[in-house]
Every structure is written in C-alpha cells, then in structure tokens.
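Chains as they are written, first to last, in my numbering: chain A, 1 to 195; chain B, 1 to 176. Data block below; observations after.
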Amino acid sequence: MNIQNLKVDLAATTDLCRAGRHLGARRLSLLVVNASLMLSPVLAHAQAADIPRVAAGEVLQVQVQLIVGGQSIKNNSKGTLSVVGSSLQLEADGKKVLVDASSILDISTDKDSRQDITGAAHLAAEAIPYGGSRVLSLFSHQIDVLTVEFRDTNAAYHGAVFAMAKGNAAPFRKQLVALGAKTTAPPAGLAPEKK
Amino acid sequence: MKDHSRAVNSVALPIVLFCAVFLVAGHLMGQQSSGEAKSLQKMSASSIQIEAPDPGDVPLPPEFRIAVYENLILQIEKTGKFQHVYRSGDKNAANVSDLVTLHTRARAFTEGSQKKREVTTVMGATSLTVNVRITDHVGQSIVDRDIKGKVVLMGENLGATYDFSKKVAKIVRDTF
Numbered sequence: 001m002n003i004q005n006l007k008v009d010l011a012a013t014t015d016l017c018r019a020g021r022h023l024g025a026r027r028l029s030l031l032v033v034n035a036s037l038m039l040s041p042v043l044a045h046a047q048a049a050d051i052p053r054v055a056a057g058e059v060l061q062v063q064v065q066l067i068v069g070g071q072s073i074k075n076n077s078k079g080t081l082s083v084v085g086s087s088l089q090l091e092a093d094g095k096k097v098l099v100d101a102s103s104i105l106d107i108s109t110d111k112d113s114r115q116d117i118t119g120a121a122h123l124a125a126e127a128i129p130y131g132g133s134r135v136l137s138l139f140s141h142q143i144d145v146l147t148v149e150f151r152d153t154n155a156a157y158h159g160a161v162f163a164m165a166k167g168n169a170a171p172f173r174k175q176l177v178a179l180g181a182k183t184t185a186p187p188a189g190l191a192p193e194k195k
Numbered sequence: 001m002k003d004h005s006r007a008v009n010s011v012a013l014p015i016v017l018f019c020a021v022f023l024v025a026g027h028l029m030g031q032q033s034s035g036e037a038k039s040l041q042k043m044s045a046s047s048i049q050i051e052a053p054d055p056g057d058v059p060l061p062p063e064f065r066i067a068v069y070e071n072l073i074l075q076i077e078k079t080g081k082f083q084h085v086y087r088s089g090d091k092n093a094a095n096v097s098d099l100v101t102l103h104t105r106a107r108a109f110t111e112g113s114q115k116k117r118e119v120t121t122v123m124g125a126t127s128l129t130v131n132v133r134i135t136d137h138v139g140q141s142i143v144d145r146d147i148k149g150k151v152v153l154m155g156e157n158l159g160a161t162y163d164f165s166k167k168v169a170k171i172v173r174d175t176f
C-alpha cells in the first residue's frame, strides 16, 4: 500500500517537474524576448552616443534629430549638425540648411530625456500583458536640446530645436557665440537636469 | 347634420392648430438660424502674420516657445485659408492691406515627465495655456481666447505645443 502510494507520489512529482520545466522554459523564452527587446535600443543608443566628433581645427559635427523648424527639412528628421565657416549647417534628407552665426538672435541649451525603446519595439512591447510595457518606459537616456533663434534675409523670425547626445550642445553654443551669435542665456552652460 | 359638423370640427380644429403652431415655430427657428449664420459669418484675409510668442511672466523654456511658433506656422499653412503665412518681422508683410496678425502670450505652463506619464498613466502631464489673439489690419481683435495644449499619456513633452497649434488651426478654420 505504502509502496503504491510512493509510486503515485513519485509519478505526481515527475509530472510536476515536467510541468515546472515546461513553465521554466516558457518563462526563460519570455525573458530572452523581453531582454532582447529592452537591450537592442539600449545598445543602439550606446553606439549612437559614441558619435565621432570631427575635430578638424575648430569644426564640430554631431548627429542630431531636428525636432522642429528645419524649413525645407521635415520635422523629426535625423541628420548632421555642424559649424562650417561662420555658419551653422544642418544636413538631412539630402538637403542642407545654413544659418549664419551673425543672424542668430539667441542660442540656448537645455536637457531632456528620451525613451530607449521607441518605434516598432515600443509598439511590440505594448502587447506585454498586465501593463508590463510600462516598465520599459523606465528605460530612458538624457539628451541635450539646442534651440536656435535667427532672422533670414527678409528679417523673418525663425527658430529650430535640435536633440542631440548628452554633452554636445554646450560646445556648439560656445563656438557659435564665438562666431558672433547672440545669446541671452547665462554662459554657465546647461540648465539643471529634468527628470 | 349638427353631429356631423361637430365631428368635423373636433378633428379639423386640432389639425389646424397643430399646423399653425408648426408654421410659427418654423418661422421663429428660421429667424434664429439666420441670426446664427450672421454671427458665424466668416472673415476673409489674404495673408496672416504670426508673431513670435510672448512668454509673459511664465517660465516657458525656449524650446517650447520655438515649438509653439514653428508648429503654429505649419498648422496655419496647412489650413490653406491664406495665400501667405508671414513670419514675425518679414518685410514682405508690410505692403499687405488685409493682413491679419496672430499674437500669442503664455498664460501657464506645467512641464511634466514622459516617464511618469507612461509608467503611472495618471501623473506627469505637460500642459501649456496660451492666449491667442488675432487682430485685423487696424488692430481690432477678431479672436481673443485662451487655448490649452497638453500631452497626457503618450509622447514627448513638446507634443503639447503640437496639440496647442492644432487647436489654433481649428479656430482659424472656423473664423476664416
């Protein structure tokens, strides 16, 4: 009787183990999928943060995202911002926009944060049940925001806002001010960080 | 015979009364709707000039001020109501006789947090309230309203400026 019970218990334990393994495997696969979803943008960001700065003389060049105000260039385009001669140049979508430093009325820097998981990965993460995608919103990185206000040849007022990797906005501001751009912000540098 | 006439009267009288009430009501409603049409009569102007936003006493960060201005220009151009949308200070606007001008002045600003919004879904909203005033070529106000732009759940903080400019564009569509 006892031996039979033991056999039954053993069988039950074996089934539980199988189920446990099966469940463990499913959890593990979910973990792998989530980790890959979470880490891929982080890794991509880490690569983007190592922006090669072309240091030919005093020339600065960084990868930026135009948030607004690119005239012929569409908002949210990604491109290259550089100082060429005495002008600020944005190159994106095969187009170039030049702003002479002397026509800049104000140039300011600020800080903001951006989500690490965006685009298709963010949409895919929305499928995680029980609001699990909200956890992914915790993964974000700090960025610099550069705001430039200037007048064109008709004296029309323009503004442009750029997002760039942390630490890149202040050197731009410094160089443009040295080239004749005006600024109302204190020269101390960036504003306090936002959460 | 008398019974017959009484029966006719009892049926015809309510019908006549109903028709009379219906006609009077229709006439009155017609008058009212023509009054509304008069009040909704659209203005016309060939060009508009968008002035740079005035931050007033509100600590509006420069990127928000510029995003308000640039988004306003984009959205008003999209309405297709004007032949020209001039920027602030544009010399070409000086010769336009029927130019209307859009002025904006910040009233309130609360900068939230995208992270808070997306994690909690109830906190971290970014909102800005801006007074919008559209004046005609002699400086008389056509529109004078406070408009609120906000981003409550998804999206970056600057999305509030886009929401604001879309609302202003709707007012422009309704006015011109």
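All C-beta atoms, glycine included, are put in the ideal place defined by N, C-alpha and C.
In this structure, the CA atom of A:Gln61 is about 19 Å from the CA atom of A:Gln142. Judged by DSSP in its simplified three-state form, B:Asp144 adopts strand. If one requires a minimum length of 4 residues, the alpha helix (DSSP H) runs lying completely within the stretch 53 to 83 of chain B are 62 to 79, in chain order. Flagged as an interface residue toward chain A: B:Ile66, by a C-beta distance shorter than 8 Å. Spatial neighbours of B:Asp136 in its own chain (CB-CB distance under 7 Å, excluding positions within 5 residues in sequence) are listed in chain order as Val100, Ile142.
DSSP places A:Lys182 in the coil class of the three-state scheme, outside both helix and strand.
Taken in chain order, the unbroken stretches of beta strand (DSSP E) that lie wholly in the stretch 59 to 90 of chain A and span 3 residues or more are 61 to 68, 78 to 84. At a cut-off of 8 Å, the C-beta of B:Asn92 has a neighbouring C-beta in chain A.
Per DSSP, A:Thr153 lies in no alpha helix (DSSP H) and is assigned neither H nor E. Secondary structure of A:Tyr130 (DSSP, three-state): coil.
Three or more Cβ pairs drawn from the stretch 76 to 96 of chain B and the stretch 144 to 159 of chain A lie within less than 8 Å of each other, which places the two stretches in contact. Residues are counted here when their Cβ sits less than 7 Å from a Cβ of chain B; for the stretch 138 to 158 of chain A these are Leu138, Ser140, Val145, Thr147, Glu149, Arg151, Asn154, Ala155, Ala156, Tyr157, His158, given in chain order.
Closest in alpha carbon position to A:Ala101, among A:Ala185, A:Thr184, A:Leu176, A:Thr183, is A:Leu176. When the five nearest sequence neighbours on each side are left out, the beta carbons in the same chain lying within less than 6 Å of the beta carbon of A:Ile67 are those of Val161, Ala163, in order along the chain. Considering only beta carbons, the part of the stretch 56 to 86 of chain A lying closer than 7 Å to chain B consists of Ile67, Val68, Gly69, in chain order. Annotation for B:Thr120: no beta strand (DSSP E) segment contains it, though the alpha helix (DSSP H) segment containing it runs 114 to 120. In the structure shown, the three-state DSSP call for A:Gln115 is strand. DSSP, read as helix, strand or coil, puts B:Gly159 in helix. With a threshold of 8 Å between beta carbons, B:Gly139 makes no contact with chain A.
For B:Leu153, there is no enclosing beta strand (DSSP E), as DSSP marks it with neither H nor E. When B:Gln75, B:Asp174, B:Ser113, B:Tyr69 are compared, the shortest CA-CA separation from A:Leu138 is found for B:Ser113. Here B:Ser165 is not near B:Lys150, since their CB atoms are 8 Å or more apart.
Within chain B, no C-beta atom comes nearer than 9 Å to that of A:Asp100; the closest sits roughly 16 Å away.
Residues of chain B with a Cβ closer than 8 Å to the Cβ of A:Asp110 are, in chain order, Pro61, Pro62, Glu63.
At the C-beta level, A:Thr183 and A:Arg173 come within 8 Å of one another. At least 8 Å separates the beta-carbon of B:Ala106 from that of B:Gly159. No Cβ of chain A is located within less than 8 Å of the beta carbon of B:Ala169. Under the Cβ criterion of 8 Å, A:Val177 is not counted among the residues facing chain B. Using beta-carbon distances, B:Ala52 counts as an interface residue toward chain A, with a partner under 8 Å. Within 10 angstroms of the beta-carbon of A:Glu126 lie fewer than 16 other beta-carbons, which makes it exposed.
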